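First residue of the sequence shown: 978, per my numbering; consecutive thereafter. Positions of the beta carbon are idealized from the N, C-alpha and C atoms, including for glycine. Given the structure is predicted, the values throughout are model-derived calculations rather than measurements.
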Amino acid sequence: MHIVIIGNGVTGITAARFLRKGSSHKITVVSSESEHFFSRTALMYIYMGHMKFEHTKPYEDFFWEKNDITLVYDHAERFDSGAKTVYLKSGMTLSWDKLIIATGSKPNKFGWPGQDLDGVQGLYSKQDLELMEQNTAGIKRGVIVGGGLIGIEVAEMLHSRGIDVTMLVRESGYWNIILPVEESSMINSEIRDHHIDLRLGTELAEIHPGRDGRVASVITSKGDEIGCQFVALTAGVSPNIDLARASDLETGRGVRVNRYFETSAVSNIRRTARYRPHCRKGSGRSSGSIRRRGYSSGLFIENTTMP
């Protein structure tokens, strides 16, 4: 049996490792982000000079061959569930008996004017880090949109290079939807004590370009204009379902599934997910039928029908 896994993040690699522990099946992991699995949360420390990329890899490069896991550094453009074939950007194809899609997430964009200008980006992937290196070279000020964990990481990254930082946070306190008021207030003070311009109760309205076409300023929901050369969009993430859409799966905010993680494509497609928003009840049917529909963000296709 050949199991193909699309995505070499923590979900895909955990699946590969546990499948290897419990079977001798052929396992292939496909990723266009990096050749080897790395710790995504360590990207900020590479930017800050605390680590090199090779230090972020939990396993030595020989681990994969030693454990008979084949790595393919390529981009999966679509798959055909009828032909059980994945089509890669290089022109290579992979046939599978079971397929796991673990393509992770991507930074949210909410249709802000100017959100696709040069110098505007999110931070999720290794490629995002490389782009950030280019976009922040020699700049004076960066604006961060969003007050979550990625937002504060980007603030620390920019601050470590002496770049002035403005944070636009929609809430009345940093992460106060999670933290008690007292703790949120303490963090607000800590951020400002490090000379970061923290603007609470403030959202992004639009991003303006300069004569060179790159970002030059932002306009806030309060009408203020802030000059900047870099904008980090850190207002959360969404499931990366580009591959699912290209493969004609039914999607919304995620991929449509039933309670058995079967998708709309065929009855023997399952999803593996960390969350499943917008579940709703449907009509109950016999065992194996669709009883509940929702959205999910990972995919498990197998060769057998569900019980």
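Nearest-angstrom Cβ-Cβ length linking residue i and residue j, presumed shorter than 8 Å
| i | j | result |
| --- | --- | --- |
| G1125 | W1089 | Wrong, their Cβ atoms sit about 17 Å apart, outside the cutoff. |
| F1030 | F1015 | 7 Å |
| A1132 | I1173 | 6 Å |
| L1145 | T1197 | 6 Å |
| D1057 | M1069 | Between M1069 and D1057 the Cβ distance is about 14 Å, and since that is not below 8 Å, they are no contact. |
| N1217 | S1082 | 6 Å |
| I1140 | L1100 | About 14 Å; that fails the 8 Å criterion. |
| I1046 | A992 | Not confirmed; about 11 Å, so no contact. |
| E987 | T1005 | The displayed chain sequence assigns Val, not Glu, to residue 987. Contact flag wrong, Cβ pair sits at about 18 Å. |
| G1150 | S1137 | The pair is not a contact, with the Cβ atoms about 24 Å apart (cut-off 8 Å). |
Run of the alpha helix (DSSP H) containing residue i, from where it starts to where it stops
| i | result |
| --- | --- |
| H1136 | 1126-1137 |
| S1162 | 1158-1170 |
| F1040 | 1040-1043 |
| M1109 | 1103-1112 |
Bridge partners - residue i, DSSP secondary structure assignment
| i | result |
| --- | --- |
| H979 | K1003 |
| S1194 | H1185, G1204 |
| K1075 | I980 |
| R1055 | Y1064 |
| Y1050 | S1008 |
| L1020 | Paired residue(s): none; L1020 is not in a bridge. |
| L1210 | V1122 |
| S1149 | Its beta-bridge partners do not exist; DSSP assigns none. |
| T1228 | V1232 |
| S1215 | K1083 |
| D1093 | Bridge partners of D1093: none, in fact. |
| T988 | DSSP lists no partner for T988. |
| M1144 | I1121, L1175 |
| T1070 | Y1064 |
Proximity to residue i [Cα-Cα], best of the options
| i | options | result |
| --- | --- | --- |
| G1060 | S1000, E1012, P1157, D1074 | Residue 1060 is actually Ala in this sequence, not Gly. Selected option, being the one with the closest Cα: D1074. |
| I990 | S1001, Y1022, G1091, K1034 | K1034 |
| H1013 | V981, T1143, Q1098, K1103 | K1103 |
| V1142 | S1162, I1154, R1118, V1122 | R1118 |
| K998 | K1043, Y1024, H1032 | K1043 |
| T1211 | R1147, G984, I982 | R1147 |
| V1208 | P1157, L1181, S1224 | L1181 |
| R1055 | I1077, R1138, E1037 | I1077 |
| H1032 | G1091, R1017, L1226 | R1017 |
| S1215 | I1203, M1025, K1199, V1232 | V1232 |
| S1009 | L1020, F995, N985 | N985 |
| D1105 | M1163, I1155, S1011 | S1011 |
| I1116 | G1204, A1221, M978, S1000 | G1204 |
| M1021 | E1110, V1063, A1079, H979 | E1110 |
| G1096 | T1228, I983, G1190 | G1190 |
| I1154 | S1067, G1178, S1072, E1227 | G1178 |
| V1063 | K1003, L1220, G1229 | L1220 |
Limits of the beta strand (DSSP E) - the one that residue i falls within
| i | result |
| --- | --- |
| R1176 | 1174-1177 |
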